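Protein chains in written order, with this note's numbering: chain A, 1 to 225; chain B, 226 to 450.
Input: a single structure, listed below in structure tokens.
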DNA sequence: AACGGATAAATTGCATACAATAAAATATGC
DNA sequence: GCATATTTTATTGTATGCAATTTATCCGTT
């Protein structure tokens, strides 16, 4: 697909770097992000760092408190549930549109992705499954043929990523997830738009609920300086 | 309601200023935003301006092309339709949740807002109606009791505002809009969540379509430097 | 010894200076 | 005379310096 103008701005690169470290948990929620420290660590001046932090703040990944510095966004259980609620609806919308608009090539790609998930499940490879699961979902977003919706959904997905990581190890996660995927795939391939939407919504909602339970059990996680 | 920590950052203020001028059409889509010029005009240095532009870029209101400066986002008809499609779904979701969760106080406020709209319609006061219409919708967002959803919906609403302005003068816009509002209000007050969602979706979709027609008729508007 | 206030240190926010790149203008060759 | 190459100019991107405010430390008082 058409790759964008490819920015060479340092602040963009810094933003990507920091975002990567946030979503992979290197910088855990609540961690303080010192501008000078980051600048020194990444080998640039404070200016690109500041610009990157502002960008990440707009994306909701960090929180900037005036005169008090930036911290990795530490989203409370309440708000997290709200975000999953919206995520479920966005995914449902992607599914509804995808069922109506998916091309044959996209159908094949989606089926392939599903099969790849199956192999990862059989191999009990959680890391691979996580990655392939993501690809499966992203293909649905793209098949909606609504570029704006795709972007919004991807953005929110990324934003929830640091929290989703926590539920990787839940018992039988892969099997239930895969079974749900099968239902979703079938609904999309048979162009049942409302059924696709419904199944995707349920798929995400259950993730959110699972997650909420997990959060409730773990009192709190790394609020480090 | 709870007002936030109230930032004193200049870049935030600049961002608000520039956003205001964009959504009110003072800075029309496609217009070049010169950092030095803006800085001089707003009485600050380039730094807060740059930070503001980055923020607005994240919000989708301006587009920053590397080394080539920023322009007010000029969204094509295609993408605009996509955005209205998403907007319709977000509003529908707000309506669905609002119907289930609205409090009695919020019911009264919503009814009052509706009545205010009626008065503006009777007075044939388009400007007032536009403002009151916005309030009506915002009350529904808030009544969803999902703060994240509310934020996202408001953000997208704002982003579409410069384009919505164009259809203010469509014949009988107020009357049809008001009639649709009546149906929406009734569905919410009787707690019919799916009906609320459906009517809100239709209400927004029709806006999007009206707008698309309008865009198609006007070949293009102000792409000036 | 604990609490409160004053001073000191550190960090953010803004302004300015400089460097790098793209656009414009001018000159040059055919 | 037009197209192309080169210089000039303007604007963005980055670094640094300074001021303002917050946070930490230290000392005095109760």
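From the three backbone atoms N, C-alpha and C, an ideal C-beta is built for every residue, glycine too.
Keep in mind the model is a prediction, meaning the values are calculated, not measured.
Item	Value
Beta-carbon proximity check, residue 318 of chain B vs residue 148 of chain A, cutoff 9 Å	no
Closer than 9 Å to chain A by CB, residue 327 of chain B	no
Buried or exposed by the 16-neighbour rule on C-beta atoms within 10 Å, applied to residue 442 of chain B	exposed
Identified DSSP bridge partners for residue 295 of chain B	B:258 and B:289
Residue 45 of chain A, DSSP secondary structure in three states	coil
Which listed residue (A:27, A:95, A:30 and A:52) has its alpha carbon closest to that of residue 39 of chain A	A:52
Cβ contact check for the segment 87-102 of chain A and the segment 144-162 of chain A: 3 or more pairs under 8 Å	yes
C-alpha distance - residue 194 of chain A paired with residue 423 of chain B, whole-angstrom precision	13 Å
Cβ-Cβ separation, residue 29 of chain A to residue 73 of chain A (assumed contact under 8 Å), whole Å	6 Å
Neighbourhood of residue 383 of chain B by C-beta distance below 7 Å, restricted to the same chain and skipping five residues each side	248
Selected residue, minimal CA-CA separation from residue 153 of chain A, among A:162, A:141 and A:164	A:141
Of the listed residues B:397, B:438 and B:431, nearest to residue 314 of chain B (C-alpha basis)	B:431
C-alpha gap between residue 44 of chain A and residue 375 of chain B, whole angstroms	37 Å
Burial state of residue 26 of chain A, where buried means 16 or more other Cβ atoms lie within 10 Å	exposed
Three CB pairs or more closer than 8 Å across the segment 117-124 of chain A and the segment 170-180 of chain A	yes
Neighbouring residues, chain B, relative to residue 79 of chain A (Cβ below 8 Å)	372 and 373
Close Cβ partners of residue 332 of chain B (< 7 Å) along its chain, the five nearest in sequence each way excluded	414
Which listed residue (B:359, B:404, B:262 and B:316) has its alpha carbon closest to that of residue 294 of chain B	B:262
Short-range partners of chain A found in the segment 233-255 of chain B, where Cβ spacing is below 9 Å	233, 234, 236 and 237
Assigned exposure category for residue 310 of chain B - 16 Cβ within 10 Å defines buried	buried
For residue 238 of chain B, the three-state DSSP class (helix, strand or coil)	helix
Alpha carbon of residue 17 of chain A to alpha carbon of residue 280 of chain B, nearest angstrom	18 Å
Test item: CB-CB of residue 91 of chain A and residue 204 of chain A under 9 Å	yes
Limits of the alpha helix (DSSP H) - the one that residue 421 of chain B falls within	418-442
Members of the segment 196-220 of chain A near chain B, C-beta cut-off 9 Å	none
Status (buried if at least 16 other CB within 10 Å, exposed otherwise) for residue 426 of chain B	buried
Below-9 Å beta-carbon distance, residue 161 of chain A vs any chain B residue	no
Reduced DSSP secondary structure (H/G/I, E/B, other) of residue 251 of chain B	coil
Selected residue, minimal CA-CA separation from residue 433 of chain B, among B:303, B:322, B:236 and B:330	B:303
9 Å Cβ cutoff, residue 90 of chain A in contact with chain B	yes
Top-ranked residue by Cα proximity to residue 287 of chain B, from B:272, B:337, B:239 and B:258	B:258
Residue 20 of chain A, DSSP secondary structure in three states	helix
Closest Cα partner of residue 155 of chain A within the set A:75, A:165, A:35 and A:19	A:19
Spatial distance of residue 110 of chain A from residue 354 of chain B (CA atoms)	47 Å
Extent of the continuous alpha helix (DSSP H) run through residue 7 of chain A	Residue 7 of chain A -> no alpha helix (DSSP H), and no H or E assigned at all.
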